[in-house]
Each structure stands twice: as structure tokens, then as C-alpha cells.
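Heads up, the thing below is written out as C-alpha cells.
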Amino acid sequence: MNTYMSTAKAYKLQGILTILGGILMILGIYMPWVSLFGGLQTFAGIVGLNGKILLATAVVSICFGLVQFVKKSSALAWILGILGLVQGAFCGYLLFNLFKTVHPAATNGMNSMMAIGFGPGLFITTIGASIIFIALVVSVGKGEKVRIGKIHKNSEYMRPTITGNEAKPV
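For the sequence shown, position 132 (counting from the first letter as 1) is numbered 150 according to our numbering, and the numbering increases by one without interruption.
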């Protein structure tokens with residue numbers, strides 16, 4: 019059983035995951051983030067500037083993911099990882115502010131029909147950004163191969179022997 023994945027395949031997988039994460043972000047941006055009047059009125063993320071910023075970064079992620087799928091670049095792998103981290107941090111900031119807004123203490127004295135509620139969009143957008151960031155882990159490896167399973171008896175790795183300092187095959 020082959021327990022290793024070549025670096026080129028890892029970068030290709032990162033490209034695929036980045037494209038899927040970007041698509042998930044776009045879907046979440048167009049879904050409701052907030053609802054008012056007991057769910058009668060909803061607001062999608064694309065309505066505000068924050069949603070438009072996330073949409074632009076999601077489109078950039080998809081484009082870079084396509085390039086990574088074709089070119090398989092180490093530098094682009096890190097750029098995608100950092101972009102996913104920035105997107106995830108921005109989504110976390112937006113989630114924090116949404117929780118502060120929707121918190122029951124913030125709606126004291128309001129009629130229950132006026133209460134602000136959550137929509138699924140921002141959560142889905144955050145999951146998409148997280149997938150883009152986590153895709154970096156897939157592409158990071160030392161040397162020519164990335165370990166994806168157990169090391170077998172005929173491994174390419176060497177380990178020091180108990181009696182000497184020289185390395186011998188496992």
C-alpha cells in the first residue's frame with residue numbers, strides 16, 4: 019500500500035479544496051446572515067460592504083485555486099493559506115459582532131417579532147474560509163513526498179540505530 023502522496027498531487031488537492039471553499043463562501047454570502055421580524059425579513063451578506071469584500075476574496079481564492087491546480091506552486095500554496103487565514107479571521111470578526119448584536123441582552127425591551135435572528139450564510143462563509151486555510155496543511159510537506167499514512171517496513175526514511183550514530187534503513 020502506497021502511503022505517500024507526491025507534492026504535485028498535494029498541490030492539486032489544495033487547488034481543488036480552495037475552489038470548493040471559495041464556492042462555499044460565495045453560496046454563504048448570498049444566503050441570509052440576519053433575519054428580522056421573526057424571520058419575515060432577511061438580509062444576505064451581499065447587501066453590505068463586508069459581504070462584498072468577502073465575495074471579492076472568494077473570487078480571488080477560486081482563481082488562485084485554479085492556478086494552483088494547473089501550476090502547482092509552493093509559493094502559491096502559502097499565499098492561499100494566508101488568504102484563507104485572513105478570510106477566516108474576518109469571518110470570525112463578523113461572527114463575533116453578529117453574536118453581540120443578536121445576544122438576548124441586546125434585545126431587552128423589544129417585541130419578540132422585532133427580535134434579530136441568525137441566518138446560515140455567515141456560518142457557511144466561515145466554513146468555506148476555513149477549508150481554504152486548512153487546504154494549506156494538505157500541501158505542506160518536506161522534500162518530495164507528503165506522508166499520508168503509516169510508515170511501512172520498506173520506507174524511504176532512515177532512523178538512527180541503537181548502537182551507532184549511522185543511519186540505517188528501517
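For each residue, glycine too, the CB sits at the ideal point set by N, CA and C.
Is the stretch 109-119 touching the stretch 134-148, taking contact as three or more C-beta pairs under 8 Å? Touching, per the Cβ criterion.
Just grab the DSSP bridge partners of S53 for me. The residue labelled residue 53 in the question sits at position 35 within the sequence shown. Beta-bridge pairing links S53 to T60 and G135.
Taking just the CA atoms, how far does V88 sit from L31? Within the sequence shown, numbered from 1, the residue matching residue 31 stands at position 13. Within the sequence shown, numbered from 1, the residue matching residue 88 stands at position 70. If I take the Cα positions, the gap works out to 11 Å.
Between L5 and the rest of its own chain, which residues show a CB-CB distance below 6 Å, the 5 nearest in sequence each way excluded? Residue 5 is absent from the structure shown; the chain starts at 19 and stops at 188.
With 16 other CB atoms within 10 Å as the buried threshold, where does F82 fall? Locating residue 82 in the sequence shown gives position 64, counting from the first residue. A buried status is given to F82, since no fewer than 16 other beta-carbon atoms sit within 10 Å of its beta-carbon.
Quick check: I145 and G40, are their CB atoms within less than 9 Å of each other? Here residue 145 refers to the residue found at position 127 when the sequence shown is read from its first residue. Here residue 40 refers to the residue found at position 22 when the sequence shown is read from its first residue. The beta carbons of I145 and G40 sit no closer together than 9 Å.
Helix, strand or coil for G69 per DSSP? The sequence position of residue 69 within the sequence shown is 51, counting from 1. Per DSSP, reduced to three states, the secondary structure at G69 is helical.
Using a 10 Å radius around the Cβ and a threshold of 16 neighbouring Cβ atoms, would you call G69 buried or exposed? The residue given as residue 69 occupies position 51 in the sequence shown. Result: buried.
For A93 and I44, what's the separation of their Cα atoms in angstroms? As a working mapping, residue 93 is identified with position 75 in the sequence shown. As a working mapping, residue 44 is identified with position 26 in the sequence shown. Straight-line Cα distance between these residues: approximately 25 Å.
Is it buried or exposed, K90, if we count other Cβ atoms within 10 angstroms and call 16 or more buried? Taking the sequence shown and counting its residues from 1, one reaches residue 90 at position 72. Around the Cβ of K90, a 10 Å sphere holds 16 or more other Cβ atoms; the residue is buried.
If you draw a straight line from the alpha carbon of A28 to that of W96, how long is it in whole angstroms? On the sequence shown, position 10 is the one that residue 28 refers to. On the sequence shown, position 78 is the one that residue 96 refers to. W96 has its alpha-carbon roughly 13 Å from the corresponding atom of A28.
Span of the alpha helix (DSSP H) holding K118? Along the sequence shown, read from residue 1 onward, the residue named residue 118 stands at position 100. Membership of K118 in the alpha helix (DSSP H) is indicated by the continuous run S92 to V120.
What's the call for K160, buried or exposed, on a 16-neighbour Cβ count within 10 Å? As a working mapping, residue 160 is identified with position 142 in the sequence shown. Note that K160 has pLDDT 40, beneath the 50 cutoff, so the model's placement of it is unreliable and no number is given.
Taking the C-alpha atoms as reference points, what is the distance between V156 and A26? On the sequence shown, position 138 is the one that residue 156 refers to. On the sequence shown, position 8 is the one that residue 26 refers to. Between V156 and A26, the C-alpha separation is close to 11 Å.
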